[in-house]
Amino acid sequence: MRMTQRSNDRRLTRWPLAALVSLSLVQAAAAGPPLREVIDTEVRAVWEREKVSPAAPASDAEFLRRVSVDIVGVIPTHEEAVAFLADQSPDKRRQLIDRLLDDPRYARHMAELWDVLLFTRNPPGSEVDKRDGFQGWLRQRFAENTPYDKLVRELLKAEGNSVEQGPPLYFVQYRQRPEDMTEVVTQTFLGVQLQCARCHNHPFESWTQQDFYGMAAFLARLQIVSAGKADNQSKYMVAEKSTGDILFTGAVKEDKPGKKGDPVAPKFLIGDPLVEPPLPDGFKEVAKFEENKPPPAPVFSRKDQLAEWVTRADNPYFAKATANRLWAMFLGRGLVHPVDNLSDSNKPSHPELLTALARELVEHQFDLKWLIRELCNSQVYQLSSIGPEADPLPRLFQQARVRPLSAEELMDSWRVATGFETSVKPDAKKNVGRFAPIDGGYMIRFFGQPNTGTGDFQGGLHEHLFLNNGPVSQLIVTSPGSLYDSLVKSTSPWPDRIDRLYLSLLNRPPNDEERQKFSEFFSADEKMNPERLRDAIWALMTCSEFRFNH
Numbered sequence: 000m001r002m003t004q005r006s007n008d009r010r011l012t013r014w015p016l017a018a019l020v021s022l023s024l025v026q027a028a029a030a031g032p033p034l035r036e037v038i039d040t041e042v043r044a045v046w047e048r049e050k051v052s053p054a055a056p057a058s059d060a061e062f063l064r065r066v067s068v069d070i071v072g073v074i075p076t077h078e079e080a081v082a083f084l085a086d087q088s089p090d091k092r093r094q095l096i097d098r099l100l101d102d103p104r105y106a107r108h109m110a111e112l113w114d115v116l117l118f119t120r121n122p123p124g125s126e127v128d129k130r131d132g133f134q135g136w137l138r139q140r141f142a143e144n145t146p147y148d149k150l151v152r153e154l155l156k157a158e159g160n161s162v163e164q165g166p167p168l169y170f171v172q173y174r175q176r177p178e179d180m181t182e183v184v185t186q187t188f189l190g191v192q193l194q195c196a197r198c199h200n201h202p203f204e205s206w207t208q209q210d211f212y213g214m215a216a217f218l219a220r221l222q223i224v225s226a227g228k229a230d231n232q233s234k235y236m237v238a239e240k241s242t243g244d245i246l247f248t249g250a251v252k253e254d255k256p257g258k259k260g261d262p263v264a265p266k267f268l269i270g271d272p273l274v275e276p277p278l279p280d281g282f283k284e285v286a287k288f289e290e291n292k293p294p295p296a297p298v299f300s301r302k303d304q305l306a307e308w309v310t311r312a313d314n315p316y317f318a319k320a321t322a323n324r325l326w327a328m329f330l331g332r333g334l335v336h337p338v339d340n341l342s343d344s345n346k347p348s349h350p351e352l353l354t355a356l357a358r359e360l361v362e363h364q365f366d367l368k369w370l371i372r373e374l375c376n377s378q379v380y381q382l383s384s385i386g387p388e389a390d391p392l393p394r395l396f397q398q399a400r401v402r403p404l405s406a407e408e409l410m411d412s413w414r415v416a417t418g419f420e421t422s423v424k425p426d427a428k429k430n431v432g433r434f435a436p437i438d439g440g441y442m443i444r445f446f447g448q449p450n451t452g453t454g455d456f457q458g459g460l461h462e463h464l465f466l467n468n469g470p471v472s473q474l475i476v477t478s479p480g481s482l483y484d485s486l487v488k489s490t491s492p493w494p495d496r497i498d499r500l501y502l503s504l505l506n507r508p509p510n511d512e513e514r515q516k517f518s519e520f521f522s523a524d525e526k527m528n529p530e531r532l533r534d535a536i537w538a539l540m541t542c543s544e545f546r547f548n549h
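Letter by letter, the sequence shown follows residues 0 to 549 of numbering that gives the first Met the number 0.
Given below as structure tokens:
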């Protein structure tokens, strides 16, 4: 088998960005300062050029809450907040980042983000609505800190049982639709949007229909066969045939009536068509794979070749797309925005920085934990979300971007803040769902999108009605160990109890005005009024400061 990948002068002329990226990534990173310092230097240079002022560094309370939500998907506990704010160690932020990356909740949080990235909130097919096996595979890979290129290769090469093995389920959502798979794979893993070239040559980029169908040919032989039920969900066998081509149905079809189109050879976005080995003499493909039986392995796998090319260290898009996506997740916006549109017409805000991020990611074997550690230790990440500019430009990263919590982040944070997690008995929690005691459908509908850095927040009336009139108050449990119970039973003066209220819910102490107002509110009755306490907890649970990561 021979696979050619020549980038001739014509292609380099068409793809100046790709050529430059490829040249920069195949070279080893020269010895230099840590990446966190490179981040600060590059961003600061743009501030100076644009003549803008950055925000001050985030307070310890701001940083604690932000980095906890970003890395483990939930706010810190009252005890964690008290301990961190009291810690006088000069490197306590670095130590906190390391602890969070080693926390088991990191793997769950990252798995949830990538699950939504790969399937969206509304996958194209009810067959993949239940995907415990896939989510378990993601959690395991993130817990093991599997290099990201290896994770993606494993996903794109996946074959077999969609329930027992997990990764094959990814292809089930696009069953027998290689064009749809092509759009998603290139956009998700390469940051390249080819959808326009599906029907016509791209009007703004150099992508052609031949480029699109050349990529689609790698997935044209994929077969998805029903295999009954398992674990109360539909089961499928995912395999690849040894023969079959995708047909290019452009102008050819109109010029020659009755002709469906010409077969297109598999071809990477940059390079020559893939050269496949000949089939064995006398080879005959089965007409249709049998249900409930593992299909035979292909003589030669086009899909495996695609997986290898996508994740190559010198692929001009993969490392940059990955680095840009991680930057967007933690900084609220990609260096290229939208995050999944790397192109010559959509330049990065900090081109040298994006190249450095991609180069270092390759140099560190696509270690996502390493990159996250560098991002979070940078001064840029640790800026306050409140800055001196009245209308800051998001692309300059001169202050932390305010981002809404996802449905999972919001629910987990509510549970931690109110003491639901620690006060409800383990036996009772076994029978509650991911979002209990609130209906998960409502949470997903109103707060469903995770922090992927791909869009801006737009709150709606239904969301506000849900927060104000919905079942949020059901999380204010009164069992021993809950926030409510600890405040009711406390003999401390109200100012001290108000401090606990704020540290539990907003992870910061109240300011003097807040402490005064709440003291007056609680002291309005001669005896302790439990309803006032419930109202206070509910008010902080549903306020904007709780709802957003800032």
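Note that CB positions come from ideal geometry on N, CA and C, so glycine has one too.
**Q.** Cα-Cα separation between VAL108 and LEU137, rounded to whole angstroms
**A.** Residue numbering aside, residue 108 sits at position 109 when the sequence shown is read from its first letter. Residue numbering aside, residue 137 sits at position 138 when the sequence shown is read from its first letter. For the record, residue 108 in the displayed sequence is His; it is not Val. About 10 Å.
Q: Take the Cβ of LYS488 as the centre, count every other Cβ of all protein chains shown within 10 Å, and call the residue buried at 16 or more, exposed below.
A: Here residue 488 corresponds to residue number 489 of the sequence shown, with the count starting at 1. Exposed is the call here.
Q) According to DSSP, which residues form a beta bridge with GLY480? A) One-based indexing of the sequence shown puts residue 480 at position 481. In DSSP, GLY480 forms no bridge with anything.
Q) Counting pairs of beta carbons, one from the segment 367-379 and one from the segment 216-233, are three or more of them closer than 8 Å? A) Here the segment 367-379 does not lie against the segment 216-233, with fewer than 3 beta-carbon pairs under 8 Å apart.
Q | Same chain, Cβ closer than 6 Å to HIS201, five either side skipped, listed in chain order | A | Here residue 201 refers to the residue found at position 202 when the sequence shown is read from its first residue. Leaving aside the five residues that flank HIS201 on each side, the residues in its chain whose CB is nearer than 6 Å to its CB run, in chain order, CYS195.
Q) Going by beta carbon distance, what residues of the same chain come within less than 6 Å of PHE365, once the five residues before and after it are set aside? A) What you label residue 365 is simply residue 366 of the sequence shown in a count that begins at 1. Answer for PHE365: PRO146, TYR147 and ASP148, listed in chain order.
Q | Contact check, TYR441 vs PHE419, beta carbons under 8 Å | A | Against the sequence shown, residue 441 aligns to sequence position 442. Against the sequence shown, residue 419 aligns to sequence position 420. Contact: no.
Q: Would you identify the three-state DSSP class for ASP261, choosing helix, strand or coil?
A: Position 262 of the sequence shown, counted from the start, is the residue given in the question as residue 261. Assignment of ASP261 by DSSP, reduced to helix, strand and coil, places it in the strand class.
Q: State the beta-bridge partners of ASN563 as determined by DSSP.
A: Limits of the chain in this structure are 0 at one end and 549 at the other, which puts residue 563 out of reach.
Q. Whose C-alpha, out of TRP46, GLU61, VAL151 and PHE520, is nearest the C-alpha of ALA538?
A. Locating residue 538 in the sequence shown gives position 539, counting from the first residue. Nearest C-alpha to ALA538: PHE520.
Q. What are the residues that DSSP puts in a beta bridge with ARG92?
A. Mapped onto the sequence shown, residue 92 falls at position 93. According to DSSP, ARG92 bridges with nothing at all.
Q: Take the Cβ of SER522 as the centre, count every other Cβ of all protein chains shown within 10 Å, and call the residue buried at 16 or more, exposed below.
A: Along the sequence shown, read from residue 1 onward, the residue named residue 522 stands at position 523. Exposed, since its Cβ has fewer than 16 Cβ neighbours within 10 Å.
Q: Locate the alpha helix (DSSP H) running through ILE437, then write down its first and last residues.
A: Position 438 of the sequence shown, counting from 1, holds the residue named residue 437. Segment: none, ILE437 is in no alpha helix (DSSP H) and carries neither H nor E.
Q: Check whether the Cβ atoms of ALA60 and ARG507 lie closer than 8 Å to each other.
A: Along the sequence shown, one-based indexing puts residue 60 at 61. Along the sequence shown, one-based indexing puts residue 507 at 508. With respect to the 8 Å criterion, ALA60 and ARG507 are classified as neighbours on the basis of their beta carbons.
Q) Under a three-way DSSP split, which group does GLN222 fall into? A) As a first step, residue 222 must be located in the sequence shown, where it is residue number 223. In the three-state scheme derived from DSSP, where H, G and I count as helix and E and B as strand, GLN222 is classed as strand.
(Q) So, for GLY386: in the same chain, excluding its five sequence neighbours on each side, which residues have a beta-carbon less than 7 Å away from its beta-carbon? (A) Position 387 of the sequence shown, counted from the first residue, corresponds to residue 386. For GLY386, where only same-chain residues beyond five positions count, the Cβ hits under 7 Å are PRO53, ALA54, GLN397 and GLN398.
Q. Apart from the five residues just before and just after ASP303, which ones in its own chain have a Cβ nearer than 7 Å to its Cβ?
A. Counted from its first residue, the sequence shown places residue 303 at position 304. Cβ neighbours of ASP303 within its own chain (closer than 7 Å, five residues either side excluded): LYS156.
Q) When we look at the beta-carbon of ARG120 and count the other beta-carbons within 10 Å, is it buried (16 or more) or exposed? A) Within the sequence shown, residue 120 is the residue found at index 121, counting from 1. A residue is called buried when at least 16 other Cβ atoms come within 10 angstroms of its Cβ; ARG120 does not meet this threshold and is exposed.
Q. Using the C-alpha atoms, what's the distance from GLN134 back to PRO177?
A. Locating residue 177 in the sequence shown gives position 178, counting from the first residue. Locating residue 134 in the sequence shown gives position 135, counting from the first residue. Straight-line Cα distance between these residues: approximately 23 Å.
(Q) If the criterion is Cβ atoms closer than 8 Å, does the pair ALA264 and GLY213 meet it? (A) One-based indexing of the sequence shown puts residue 264 at position 265. One-based indexing of the sequence shown puts residue 213 at position 214. For the pair ALA264 and GLY213, the CB atoms are nearer than the 8 Å cut-off.
(Q) Suppose you measure from the CA of THR354 to the CA of GLU204; what does that come to, to the nearest Å? (A) As a first step, residue 354 is located in the sequence shown; it is residue number 355 there, counting from the start. As a first step, residue 204 is located in the sequence shown; it is residue number 205 there, counting from the start. Each residue's Cα considered, the two are about 21 Å apart.
**Q.** Start-to-end residues for the beta strand (DSSP E) that takes in LYS234
**A.** Within the sequence shown, residue 234 is the residue found at index 235, counting from 1. 232-239 is the span of the beta strand (DSSP E), which, as asked, contains LYS234.
Q.
Using CA atoms only, rank isn't needed, just tell me which of ASP244, ALA286 and GLN473 is closest to GLY260.
A. For the purposes of this step, residue 260 is identified with residue 261 of the sequence shown, where counting begins at 1. Minimum Cα distance to GLY260 is reached at ASP244.
Q.
If you reduce the DSSP assignment to three classes, tell me which class LYS266 lands in.
A. Along the sequence shown, read from residue 1 onward, the residue named residue 266 stands at position 267. Assigned with DSSP and collapsed to three states, LYS266 falls in strand.
Q | Unbroken beta strand (DSSP E) run spanning LEU155, endpoints | A | Within the sequence shown, numbered from 1, the residue matching residue 155 stands at position 156. LEU155 -> not in any beta strand (DSSP E); alpha helix (DSSP H) instead, spanning 147-155.
Q) From VAL401 to TYR483, what does the alpha carbon distance come to, in whole angstroms? A) Along the sequence shown, read from residue 1 onward, the residue named residue 401 stands at position 402. Along the sequence shown, read from residue 1 onward, the residue named residue 483 stands at position 484. Each residue's Cα considered, the two are about 29 Å apart.
Q | Span of the beta strand (DSSP E), counted from its first residue to its last, around PHE247 | A | Looking up residue 247 in the sequence shown gives position 248. For PHE247, the enclosing beta strand (DSSP E) begins and ends at 245-247.
Q: For the alpha helix (DSSP H) containing ALA501, list its first residue and its last residue.
A: On the sequence shown, residue 501 is found 502 positions in, with the first residue counted as 1. The sequence given here places Tyr at residue 501; Ala does not occur at that position. Secondary structure note for TYR501: its alpha helix (DSSP H) is the uninterrupted segment 493-504.
Q.
GLN222 and VAL162 - do their beta-carbons sit closer together than 8 Å?
A. One-based indexing of the sequence shown puts residue 162 at position 163. One-based indexing of the sequence shown puts residue 222 at position 223. With contacts defined by Cβ atoms closer than 8 Å, VAL162 and GLN222 do not form a contacting pair.
Q: Starting from ALA535, trace the alpha helix (DSSP H) both ways and give me its first and last residue.
A: Counting from 1 along the sequence shown, the entry for residue 535 is found at position 536. First-last of the alpha helix (DSSP H) with ALA535: 529-540.
Q: Check each candidate in PHE446, LEU374 and ARG394 and name the one with the smallest Cα separation from GLU408.
A: As a working mapping, residue 408 is identified with position 409 in the sequence shown. If we check each option's Cα against that of GLU408, PHE446 comes out closest.
Q) Can you tell which of PRO279, PRO123 and LEU352 has its C-alpha closest to the C-alpha of GLU41? A) Stepping through the sequence shown from its first residue, residue 41 is reached at position 42. That would be LEU352, whose Cα lies nearest to the Cα of GLU41.
Q) If we count Cβ pairs, one from each stretch, closer than 8 Å, do we get three or more for the segment 181-191 versus the segment 223-230? A) Flag = no, the segment 181-191 and the segment 223-230 do not touch.
Q.
Using only CA atoms, which one of SER478, ARG43, GLU462 and PRO277 lies nearest to ARG394?
A. In the sequence shown, residue 394 corresponds to position 395, counting from 1. Considering only alpha carbons, the answer is ARG43.
Q) Per DSSP, what kind of secondary structure is ARG402 in: helix, strand or coil? A) Here residue 402 refers to the residue found at position 403 when the sequence shown is read from its first residue. Three-state DSSP puts ARG402 in a strand.
Q: Assign PHE267 to one of two classes, buried (16 or more other C-beta atoms within 10 Å of its C-beta) or exposed (fewer than that).
A: Along the sequence shown, read from residue 1 onward, the residue named residue 267 stands at position 268. If you draw a 10 Å sphere on the C-beta of PHE267, you find 16 or more other C-beta atoms in it, and that means buried.
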